[in-house]
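Numbering (the working numbering), first residue to last: 886 to 1509.
The C-beta atom is built at its ideal place from N, Cα and C for all residues, glycine as well.
Please read the structure below before turning to the comments.
Dropping the structure here:
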């Protein structure tokens, strides 16, 4: 691929101290692009089957995309890929901040780290050199303290105490952003690696710079004018979802026992905006600035994302926004995924409520949760148990029916009983219970359209389209929030009770065959900015059909990796019994997964057992 791809990655062995600069396979770059796709390809090729996530031979891969460092809007992200200590399956977690740009400007598309240092170290990468340095003075520090102790100009990816103590949902932090899900921070901690920092100054090559500048200006203005990316996200951040989710009865309350509570209004993005917001915050090259900087206990700090509000707020019976903000900051400082953390605390609280666990945890008891979070990060007492996540806790204490996870990964703050397509997405996503592999709930319950949230019609097709799109955008290492602008602005202004709106939703509900056609035909058009940017940067014409195929290829490679590592679709492609069998209202009666899953497999080109067929593998040119 000409243009943006440097076609080079860095391989570091912490056990021996060896550093090697290697060329990427040009064909792999064409087929998988970068970011999530490149990470999956390297993980599959560079690790042997059955390797434990904490084995020194396990690869920890930081990968950027071909647009990273070009200043294309929302192109600043990096992906961390490894094997999850939480699920035993593929782990890929995405993060903003400045690290990705600095890494690519140092001349690398990816860094693959294996081995284990004898003592704590950090990795420093610049244009001129790569050094493994002593990190004894950093070990034990929080993520903010660690970043403050490292050179200011560098992009940084660091772990906190949770990563050092191998909490299975430990995160990697860059500035105030987190690669939070799947426990990538624990794998980093198992290598005695406290931080990776980069400071490159090279210019990123762009095949057609004039066309790039024109497109950059056009898309930046488009995103700034769109209702979602130009108004709702800048004004309310991801907390804009709180009230729609509660209104749809899909907000998690007390370990997903119900989907709403009248006190949820006290956690809303509108309340944060009106009473606590100091300024907006954003990543490099992002015109949206969805981050929040808020008042905190007499000072100021990072405001919570929607997931943190849901899992560390209503799901714990806490309806005090300042308290949720403090718990979220605490999780970030210690280096933990707030989703898995909040779900594990909620599960333990319900176990306690049912007399199945002895603890001080109780719904709404902020002091007890603060103490537990600290104990989890250092694996002290009950915290040692909680640090392993809900699936392992259920194996020890019982309660599997209300252990809210898929494949070992705890669910985010969208109850699938009120958005059943999202339930199918949870059940089939490569890394487990995750919403940022497609965000089908945006088409069902939290966005400007509502494709009958409790109907299974067209959901397999929409889920696959969303998953493929997300995988390809993640290969570019672009922020998926830009994809929300794919919904035409005019729809945001429609009255949901109007005839036009109701007819449009009916059409979408019956659009399954049309979506299948879109998935099967290789659309030669360039309608979206994703394929346009990739084309002008690389010098290779990429169509919408190409982009869908790239995403489909990534999804299938990840599936093959998971099958290699022991995935059993008949057991693992499911939802927690609570989501299947316990209604939250006369409408939200449980996810009809058994009706949707066989159709999903068939459209994907997988056999009845959920395994990609040889025909599908050959069509997508996947090397095994």
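Would residue i and residue j qualify as a contact pair, given that the criterion is a beta-carbon distance under 9 Å?
i            : j            : result
residue 953  : residue 1362 : yes
residue 1232 : residue 1288 : yes
residue 1506 : residue 923  : no
residue 1203 : residue 1150 : no
residue 1257 : residue 1230 : yes
residue 899  : residue 999  : yes
residue 1502 : residue 1433 : no
residue 1531 : residue 1139 : Since the displayed the chain opens at 886 and closes at 1509, residue 1531 lies outside it and no answer follows.
residue 984  : residue 1042 : yes
residue 991  : residue 1012 : yes
residue 1303 : residue 1356 : no
residue 1079 : residue 1023 : yes
residue 1040 : residue 1028 : no
residue 1058 : residue 1217 : yes
residue 1002 : residue 1017 : yes
residue 1333 : residue 1358 : no
Helix, strand or coil for residue i per DSSP?
i            : result
residue 1377 : helix
residue 888  : In this prediction, residue 888 scores a pLDDT of 45, lower than 50, which makes its location untrustworthy; the coordinate-derived value is nonetheless stated afterwards. Here residue 888 sits in coil by DSSP.
residue 1196 : helix
residue 1400 : helix
residue 1007 : strand
residue 909  : coil
residue 1136 : coil
residue 1264 : coil
residue 1217 : helix
residue 1497 : strand
residue 1476 : coil
residue 835  : Only positions 886 to 1509 of the chain appear in this structure, which leaves residue 835 out of reach.
residue 902  : coil
residue 1141 : coil
residue 1249 : coil
residue 1071 : helix
residue 1489 : helix
residue 1204 : coil
residue 1223 : helix
residue 966  : strand
residue 1271 : helix
residue 1230 : helix
For the putative contact between residue i and residue j, defined by C-beta atoms under 8 Å, what is the C-beta separation to the nearest angstrom?
i            : j            : result
residue 913  : residue 926  : 5 Å
residue 1065 : residue 1170 : Rounded, the Cβ-Cβ distance is 21 Å, inconsistent with contact.
residue 1305 : residue 1341 : 6 Å
residue 957  : residue 989  : With a Cβ gap of about 12 Å, residue 957 and residue 989 do not count as contacting.
residue 1309 : residue 1348 : 5 Å
residue 1210 : residue 1188 : 6 Å
residue 975  : residue 1443 : 5 Å
residue 1038 : residue 1084 : 6 Å
residue 1215 : residue 1177 : At roughly 16 Å, the Cβ-Cβ gap does not stay under 8 Å, so residue 1215 and residue 1177 are not in contact.
Let me see if you follow: with CB-CB separation under 9 Å, is residue i close to chain B or not?
i            : result
residue 1395 : Looking at the structure shown, chain B is missing, and only one protein chain is on hand.
Contact the stretch 1278–1294 vs the stretch 1321–1331: 3+ CB pairs below 8 Å: No: fewer than three Cβ pairs fall under 8 Å.
Say whether the stretch 926–944 touches the stretch 952–972, bearing in mind that this needs 3 or more beta-carbon pairs closer than 8 Å, one atom from each stretch. yes
With a cut-off of 8 Å, do at least 3 Cβ pairs link the stretch 1082–1100 to the stretch 1259–1272? no
Starting from the N-terminal side, write out each stretch of the beta strand (DSSP E) that is 3 residues or longer and does not extend beyond the stretch 1418–1446. none
Could you check whether the stretch 1234–1242 touches the stretch 1277–1286, counting it as contact only if at least three pairs of C-beta atoms, one from each stretch, sit closer than 8 Å? Taking a cut-off of 8 Å for Cβ pairs, the stretch 1234–1242 and the stretch 1277–1286 touch, as three or more such pairs fall below it.
Given 8 Å, three or more beta-carbon pairs between the stretch 1410–1417 and the stretch 929–937: no
Whole alpha helix (DSSP H) elements within the stretch 1295–1365, 4-residue minimum: 1305–1313, 1344–1361
Contact between the stretch 1294–1305 and the stretch 1195–1213 is defined here as three or more beta-carbon pairs at a separation below 8 Å; is this criterion met? yes
At what residue ranges does the stretch 970–1022 contain a whole run of the beta strand (DSSP E), taking only runs of 3 or more? The qualifying runs are 975–980, 995–999, 1006–1011, 1015–1019.
Do the stretch 1069–1089 and the stretch 1044–1057 touch if we need at least three Cβ pairs shorter than 8 Å? yes
If contact is defined by three or more beta carbon pairs under 8 Å, each pair taking one atom from either stretch, is the stretch 1118–1133 in contact with the stretch 1173–1193? Below 8 Å, enough C-beta pairs join the stretch 1173–1193 and the stretch 1118–1133 to call them touching: three or more.
Inter-stretch contact (C-beta, 8 Å, three-pair minimum) for the stretch 1415–1430 and the stretch 1444–1457: no
Ranges of the beta strand (DSSP E) found wholly within the stretch 1171–1195, counting only runs of at least 3: DSSP runs (the beta strand (DSSP E)) wholly in the stretch 1171–1195: 1176–1181, 1184–1187.
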